[in-house]
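Worksheet: the structure to be examined is printed underneath.
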């Protein structure tokens, strides 16, 4: 926004991509706006971008984008960047990008993968985007059913709803508590093995001791036989976690 008035004028920017940049997801960080995309072109892949936030905030037309367009062999589709609330991360903290993998997709175990994006606006060629840690989580099954476009969730008619169980749900929220930092995130799982959608949620912690992130707590929210999915999770400054979601069944609209 050009002012404090949300109904006023806005700065606008356009950046060119090498392919169709679908499913954009954004994260605010002190040194950049970060975004991930599923790219559709000669091959399908993931891209991660950093936008020059300081310049964009003042309407500077020279604001840059640094884009990592990953090779086809990197199956990182549907990755999410971290988005901070509250006190900002310590200066120089990389932006964290998370993605989950089900062992049914050919991985050794169910896992969360942590990637770090380190942007360098002084020397853009020195910017890096790389996997730094794999976290083994409690086992889960993501697949709800075999229906086209994941139309697995019942409602009170014959048309089923899309479960979208192959990706993290927006957003990955980061908080800095000084002595440690947290990230909370979630995705949809087959909660009972019978196709009932439930919500697998996580709180990750980094104790700033050099060991990086660990899974502090996790669980699957599915208290009955109704399907719960398309969730969003966040933590406030007191450490209280809230989870919003969609609920449906053959008797609930």
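In our numbering, the protein residues as written are 33 to 285.
Beta carbons: idealized from backbone N, C-alpha and C, even for Gly.
Computed from a prediction, not measured in an experiment: that's the story for all the values here.
Excluding the 5 residues flanking residue 118 on each side, which residues of the same chain have their C-beta closer than 8 Å to its C-beta? Excluding positions up to five away in sequence, the list reads 207, 208 and 269.
Could I get the ranges of all uninterrupted beta strand (DSSP E) runs contained in the region 65–130, with 3 residues as the minimum, in chain order? Secondary structure remark: continuous beta strand (DSSP E) runs of at least 3 residues inside the region 65–130, in chain order: 77–83, 97–101 and 112–117.
Taking the alpha carbon of residue 169 as the reference point, which residue from 215, 248 and 224 has its own alpha carbon closest? Residue 169 has its Cα closest to that of 248, out of 215, 248 and 224.
Closest to residue 95 by C-alpha separation, out of 45, 111, 140 and 255, would be which residue? Distances from the alpha-carbon of residue 95 to those of 45, 111, 140 and 255 put 45 closest.
With a threshold of 16 other CB atoms inside 10 Å of the CB of residue 181, please say whether the residue is buried or exposed. It is exposed - the Cβ of residue 181 has fewer than 16 other Cβ atoms within 10 Å.
Does DSSP classify residue 157 as helix, strand or coil? In the structure shown, the three-state DSSP call for residue 157 is helix.
Residue interval of the beta strand (DSSP E) (run including residue 219): Residue 219 -> beta strand (DSSP E) spans 213–222.
Express the C-alpha separation of residue 87 and residue 93 in angstroms, rounding to a whole number. Cα-Cα distance, rounded: 8 Å.
For the beta strand (DSSP E) that residue 201 lies in, which residues bound it at each end? Neither: residue 201 is in no beta strand (DSSP E) and is coded neither H nor E.
Range of the contiguous beta strand (DSSP E) that encloses residue 144: In the DSSP assignment, residue 144 falls within the beta strand (DSSP E) that extends over 143–150.
Leaving out the 5 sequence neighbours to the left and right, which residues in its chain are closer than 6 Å to residue 67 when beta-carbon positions are compared? Closer than 6 Å at Cβ, skipping near neighbours: 56, 58 and 81.
Comparing C-alpha positions only, which one of 149, 253 and 281 sits nearest to residue 115? Cα-wise, what sits closest to residue 115 is 149.
If residue 205 and residue 279 are in contact, beta carbons under 8 Å, what's the gap, nearest whole angstrom? About 22 Å separates the two Cβ atoms, so there is no contact after all.
Name the one or two DSSP bridge partners that residue 36 has. In the DSSP output, where bridge partners are listed per residue, residue 36 has none listed.
Based on Cα-Cα distance, which residue from 91, 211, 203 and 79 lies nearest to residue 238? Measuring from the Cα of residue 238, the nearest candidate turns out to be 211.
Pull up the distance between the alpha-carbon of residue 99 and that of residue 188, whole angstroms please. The C-alpha of residue 99 lies about 44 Å from the C-alpha of residue 188.
Suppose contacts are defined by Cβ-Cβ distances below 8 Å. Is residue 70 in contact with residue 110 by that definition? Yes, they are a contact pair.
Helix, strand or coil for residue 238, going by three-state DSSP, please let me know. In the structure shown, the three-state DSSP call for residue 238 is strand.
Backbone CA spacing between residue 63 and residue 160 [nearest angstrom]: The straight-line gap from Cα to Cα measures roughly 14 Å.
If you follow the beta strand (DSSP E) that residue 260 is part of, which residue opens it and which one closes it? For residue 260, the enclosing beta strand (DSSP E) starts and ends at 259–267.
Could you give the C-beta distance for residue 147 and residue 129, rounded to a whole number, given that I count them as a contact under 8 Å? Rounded to the nearest angstrom, the Cβ distance from residue 147 to residue 129 is 4 Å, consistent with a contact under 8 Å.
Going by alpha carbons, who is nearest to residue 172 out of 163, 184, 246 and 134? That would be 134, whose Cα lies nearest to the Cα of residue 172.
C-alpha distance - residue 75 paired with residue 184, whole-angstrom precision: Residue 75 and residue 184: Cα-Cα distance of roughly 28 Å.
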